[in-house]
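Q:
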Amino acid sequence: MSDTKEKGTLEQDARPTNFIRQIIDEEIASNRWGGRVATRFPPEPNGYLHIGHAKSICLNFGVARDYKGMCNLRFDDTNPTKEEQEYVDSIKADVRWMGFEWDNLRYASDYFDQLYAYAEALIQKGLAYVDSLTAEEIREHRGTLKEPGRNSPYRERSVEENLDLFRRMRDGEFPDGAHVLRAKIDMAHPNIVMRDPTLYRIRKATHHRTGDKWCIYPMYDFTHCLSDSIEGITHSLCTLEFKNNRELYDWVLDALEVYHPQQTEFARLNLSYTVVSKRRLIQLVKDGHVRGWDDPRMPTLSGIRRRGYTPEALREFCDRIGVAKADNMVDYSLLEFCVREHLNETAPRMMAVLNPLKVVIENYPEEQVDEFIFPNHPEHADMGERVVPFSREIYIERDDFREDPPKKFFRLAPGKEVRLRYAYYITCQEVIKDANGEIVELRCTYDPESKGGGTPDGRKVKGTLHWVSARHAVPAEVRLYEKLFTEEDPMDLPEGKHFTDVINPDSMKVVTGYLEPHLASAKAGERCQFERLGYFCVDPDTTPEKPVFNRTTTLRDSWARIERSQKK
RNA sequence: UGGGGUGUAGCCAAGUUGGCAAGGCAACGGGUUUUGGUCCCGUCAUUCGAGGGUUCGAGUCCUUCCACCCCAGCCA
């Protein structure tokens, strides 16, 4: 079997497949779009992107990439009261961070003139009318889920009157709420979306791009289909809750007799132990449960980025969760698996001690310093080496010593010998305690023969500990994160419980860590593994005086599992 | 009898004309290991929401039922 052939096969199999790609395959076979594939990622710039958007980004841009088509970034900016330039900037940055580049940058507001013309055309066709009912009255006329609605008394206005009124709406003659433009469809339609939906409303607000040029703004259902049509989109991919809106999407395009893209709906991502609804994310920030939109505990892309997740890991995650139509709740462990998988390959290994216990090596000369050269990655020599100093006093992790070790504990204990990673074997001779019985120091001896971590006699030691030379250690602020919520689905709780009731009080712990000196110069955004502890990255808060690290995620820990089962 | 959608393992998810229920995560065993990491090997659905039917044969076809999700913004 040739290596190249096998590799080619693997790549073929590794390509994500899902019902949307199958539809595209079939349409290519039947030449439905003349060989074109055109998608768009259409966020409203009213907040920050989150992990749920990552799925949509990967789907839309991924399809365009794999089918050699195009994907636009389009801001659905039709509601000036909610949208801000700040959000468009952050969204652009997030999409690029995810590793995608749009073919065209578009705004629904680019189309306000065309959209207005389409609206007049609809009026001319007798398919839209100006309604002068109040919002409340319109709601009353809409009927309910089980009862049909009633026609508005303004429904039969003439084309001339509608045109006149609509133009005067545009010209600012009426206050907010005085009139709306509605599609004339069917007030008894079983699909409520089709009961004469609102197409335009008066909003005397300044738009972040068009300023005060307009005082009427088109609604989503009128804007989205036409924007897709104008851009020549082939596949308008959106989430399941828009399924009912598809009938209206199709109605508008058919009524106007324009190019007609195909809307297809897929299930949005739900991630266990997190919330992604914009409203709840806002509350977490406003109520101070987190430090901001980019808090490393937040599911926003900016938070995830700050936490140290890589775009590669996120893309892999999106490929692995698939795209389907069933509601889902993806296990958080899959996301963690994906970062570990990527960081295991790419993160240099460093040493740091987060909960120090001082070890004095009695037979190691006071003034001596060994300057060891360590590989940055045990499997990738090309990642280079660095110098790590060793001296008489070192720190080890407090958890790595037990005065009374349980079964299967093969770290340090009185009289036991362990290896200090890449350095020496040491044996614990004495445990020093303070007046309260707290262990404050270990007195050990080392075997000079074991330099580098092995001995001529080849004797085995089971434990290998990470360590930092006390004299050379660089203190740093290290932020340790846990899940933000204690419940798998914070949105589905027993009666009377609110999602803020299940916020994990221990979701962030700040400790002082002692780092090997090499880490003193690490720059914000750099990632590494602290051996045996997890993957970490340098926080933007970092300064030369005081480095700040975030723990992205721990390493898998099978000892913790053994210990847990022993306690049972 | 409002309309629409979805049910395959703890989680995600393939399964397209009916023909041996993919794969991944998690979990659990074992091996290698100078990270209790990585890596490697193995186990994990006699059954596809439930019942009935058609068929030599049903996750797939027919039928009845059940559960869950979405829709009554001048939000998207």
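With my numbering applied, the first sequence corresponds to residues 674 to 1241, in that order.
Where is the CB? At the ideal position from N, CA and C, for every residue including glycine.
1. Do you know offhand how far Gly681's Cα is from Ala794's?
2. Going by the beta-carbon positions, is the gap between Leu926 and Cys898 smaller than 8 Å?
3. Assuming Glu1150 contacts Lys1219 under a Cβ cut-off of 8 Å, what Cβ separation, rounded to an integer in Å, is found between them?
4. Rounded to whole angstroms, what is the Cα-Cα separation between Tyr721 and Val1012?
5. Assign Leu818 to one of two classes, buried (16 or more other C-beta atoms within 10 Å of its C-beta) or exposed (fewer than that).
6. Are Arg941 and Gly725 close, meaning C-beta to C-beta below 8 Å?
7. What's the gap between the Cα of Glu757 and the Cα of Pro718?
8. Let me make sure I understand the geometry here. Which of Ile1176, Ala997 and Ile977 has the alpha-carbon closest to that of Pro689?
9. DSSP has Ser1142 in a bridge; who is on the other side?
10. Excluding the 5 residues preceding and the 5 following Glu1236 in the sequence, name in chain order all residues of the same chain whose CB lies nearer than 6 Å to its CB.
11. Buried or exposed: which applies to His880, given that a residue is buried once 16 or more other Cβ atoms fall within 10 Å of its Cβ?
12. Do Ala1025 and Gly1186 count as a contact pair if the criterion is CB distance below 8 Å?
13. Rounded to the nearest angstrom, how far is the Cβ of His723 from that of Pro972, given a contact under 8 Å?
14. In the DSSP assignment, the alpha helix (DSSP H) including Cys991 goes from what residue to what residue?
15. On the DSSP bridge list, what partners appear for Val1183?
16. Please classify Arg993 as buried or exposed, where buried requires at least 16 neighbouring CB atoms within 10 angstroms.
17. Residues in its own chain within less than 7 Å of Leu778 by CB, not counting five upstream and five downstream?
18. Among the residues of its own chain, which have a CB less than 8 Å from the CB of Met892, if the five just before and after it don't count?
19. Tell me the DSSP bridge mates of Gln787?
20. Between Ile903 and Ala711, how many whole angstroms is the CB-CB distance? I'm expecting something under 8 Å.
21. So for Asn1223, helix, strand or coil by DSSP?
22. Can you tell me which of the three DSSP states Pro1029 falls into?
23. Suppose only complete runs of 3+ residues qualify. What are the beta strand (DSSP E) ranges in the region 1026-1113, listed by chain order?
24. Give me the Cβ distance between Phe1074 and Leu1008, rounded to the nearest whole Å; I'm assuming they're in contact under 8 Å.
25. Give me the DSSP bridge partner(s) of Cys911.
26. Determine the direct distance from the alpha carbon of Cys744 to that of His1191, and round the result to whole angstroms.
27. Would you identify the three-state DSSP class for Thr1019, choosing helix, strand or coil?
28. Just the C-alpha distance for Phe734 and Phe773, rounded to the nearest angstrom, thanks.
29. When you compare only the Cα positions, how much space is there between Glu679 and Glu1018?
30. If you scan the region 755-824 from start to end, which runs of the alpha helix (DSSP H) of 4 or more residues do you find wholly inside it?
31. Can you confirm whether the region 915-929 touches the region 849-867 when touching is taken to mean that 3 or more C-beta pairs between the two stretches lie within less than 8 Å?
32. Terminal residues of the continuous alpha helix (DSSP H) containing Arg855?
33. Based on the DSSP secondary-structure assignment, which residues constitute the bridge partners of Val1211?
34. Helix, strand or coil, according to DSSP, for Glu829 in the structure here?
35. Could you tell me the alpha carbon to alpha carbon distance between Asn835 and Arg828, rounded to whole angstroms?
36. What separation, rounded to the nearest whole angstrom, lies between the Cα atoms of Ile1046 and Glu1058?
A: Short version:
1. Any reading at Gly681 needs caution, since the residue's pLDDT is 29, under 50, leaving its predicted position unreliable; the model's value is listed next. Near 53 Å, if we compare the C-alpha coordinates of Ala794 and Gly681.
2. yes
3. 6 Å
4. 22 Å
5. exposed
6. yes
7. 6 Å
8. Ala997
9. Ile1067
10. none
11. buried
12. yes
13. 5 Å
14. Pro984 to Ile994
15. Arg1152
16. exposed
17. Leu746
18. Thr751, Pro870, Thr871, Leu872, Tyr873 and Arg874
19. The partner list for Gln787 (beta bridge, DSSP) is empty, contrary to what the question assumes.
20. In fact, because the Cβ distance is near 12 Å, the residues do not count as touching under 8 Å.
21. strand
22. strand
23. 1029-1034, 1043-1048, 1058-1063, 1066-1070, 1090-1093 and 1098-1106
24. About 33 Å separates the two Cβ atoms, so there is no contact after all.
25. Glu938
26. 43 Å
27. helix
28. 7 Å
29. Here the model assigns Glu679 a pLDDT of 31, short of 50, so the residue's position is not dependable, and the following value carries that caveat. The straight-line gap from Cα to Cα measures roughly 22 Å.
30. 758-770, 785-797 and 808-814
31. yes
32. Where Arg855 is concerned, there is no enclosing alpha helix (DSSP H), although the beta strand (DSSP E) it sits in stretches over Val853 to Ala856.
33. Phe1222
34. coil
35. 10 Å
36. 6 Å
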